[in-house]
Amino acid sequence: SSVEASKRAAAYAAVDAHFSNAPGYVGIGSGSTVFYVVDRIRQLSVGRTSNTGFVPTGHQSRELLRNAGLRMVRLEDVPGMISVAFDGADEVDGWLNCVKGGGGCLLLEKLVAIRSKVFIVVADQTKLSHALLTSYRHGIPLEVFPSAVPYVLSELRSLGSTDPRVRDGAPAKLGPCVTDNGNFIVDAPFPPLATSGAVVELAESLKGIVGVVEHGIFWRGDRRPEKAFFGGAGGVVR
Ligand code: DER
105 SSVEASKRAA
115 AYAAVDAHFS
125 NAPGYVGIGS
135 GSTVFYVVDR
145 IRQLSVGRTS
155 NTGFVPTGHQ
165 SRELLRNAGL
175 RMVRLEDVPG
185 MISVAFDGAD
195 EVDGWLNCVK
205 GGGGCLLLEK
215 LVAIRSKVFI
225 VVADQTKLSH
235 ALLTSYRHGI
245 PLEVFPSAVP
255 YVLSELRSLG
265 STDPRVRDGA
275 PAKLGPCVTD
285 NGNFIVDAPF
295 PPLATSGAVV
305 ELAESLKGIV
315 GVVEHGIFWR
325 GDRRPEKAFF
335 GGAGGVVR
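Using UniProt numbering, read the sequence shown as starting at 105 and increasing by one per residue.
Rendered as structure tokens:
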């Protein structure tokens, strides 16, 4: 499909521009676009000694790396900084703020991103938006400690979230979706974040709710990508 071709184009352009098989560490995020990042890295690594340790951001990321035969290193075993991290996003605005967490891996994704010298987002062009929460309609994903859920939902409503809800695991799993870290995901819809100030204000408010382990706004205040590669239409790089 054209969306798949667009994901592949974005991923290949990003890897060709920012991956080198030099000694060091490379962060690998989660989602379907990152599949093409790993595929391109595998192509470039065939027959070459692997000087690079790849840092996964969850079980799906680990599976991608294992299937590609790339050497994995746990985040806690990485000394110093990760050279570059590649990840997808659910929505990216003009300042490169991102909504992430549609795949439920946002905690390790943000931990890997914040340990990376360079953070690159790859996405099909449908993810580019003039304001966060205009195209991605499910709300801000939050990793929430399970027994904090009733309190967190109440706090989110006080912040103006319309109908925040625990992400259900069905049909794959009955009951709540459980993250790789044993927490729940809450999706919290808010009105579109049309200004940088609105992004800052919401990100700081979400971080301040006791029981929210991490939120899915990747912004200037914690970690925003240096570059985003969008596929399709000649690819838009910002
Ligand atoms: O959850 C995330 O932030 C992932 O990066 C993911 O949402 C991106 O998804 P996609 O590459 O499958 O569109």
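C-beta atoms are modelled at their ideal positions from N, C-alpha and C, and glycine is treated no differently.
Tell me whether R241 is buried or exposed, calling it buried when 16 or more other Cβ atoms sit within 10 Å of its Cβ.
exposed
So with Cβ pairs under 8 Å, would you call V290 a contact of chain C?
Absent here is chain C; the protein component of the structure consists of one chain.
Is I132 near V141, with beta carbons less than 8 Å apart?
yes
If D228 and V107 are in contact, beta carbons under 8 Å, what's the gap, nearest whole angstrom?
5 Å
Whole angstroms is fine: what's the gap from M176's alpha carbon to S262's?
42 Å
Segment contact flag, the region 307–314 with the region 270–285, C-beta cutoff 8 Å, min 3 pairs
no
For K204, is the classification buried or exposed, using 16 other Cβ atoms within 10 angstroms of its Cβ as the cut-off for buried?
buried
Close beta carbons around G338, own chain, < 6 Å, minus the five adjacent residues each side:
Residue placement at G338 is flagged as unreliable, the pLDDT there being 44, under the threshold of 50; the coordinate-derived value follows with that caveat. Here the set comprises nothing.
Run through the region 211–275 for me and flag every whole beta strand (DSSP E) of 3 or more residues, listed as ranges in chain order.
220–227 and 244–248
Quick check on DSSP: helix, strand or coil for S106?
helix
Best match in G301, F334 and G335 for proximity to W323 [C-alpha to C-alpha]:
G301
Which two residues bound the contiguous beta strand (DSSP E) that contains I186?
I186 to D191
Assuming K331 is part of the beta strand (DSSP E), what are its boundary residues?
K331 to F334
From the DSSP output, in three-state form, read off D143 for me.
helix
Bridge partners for I289 per DSSP, in chain order?
E247
Quick one: what does DSSP say L148 is sitting in, helix, strand or coil?
helix
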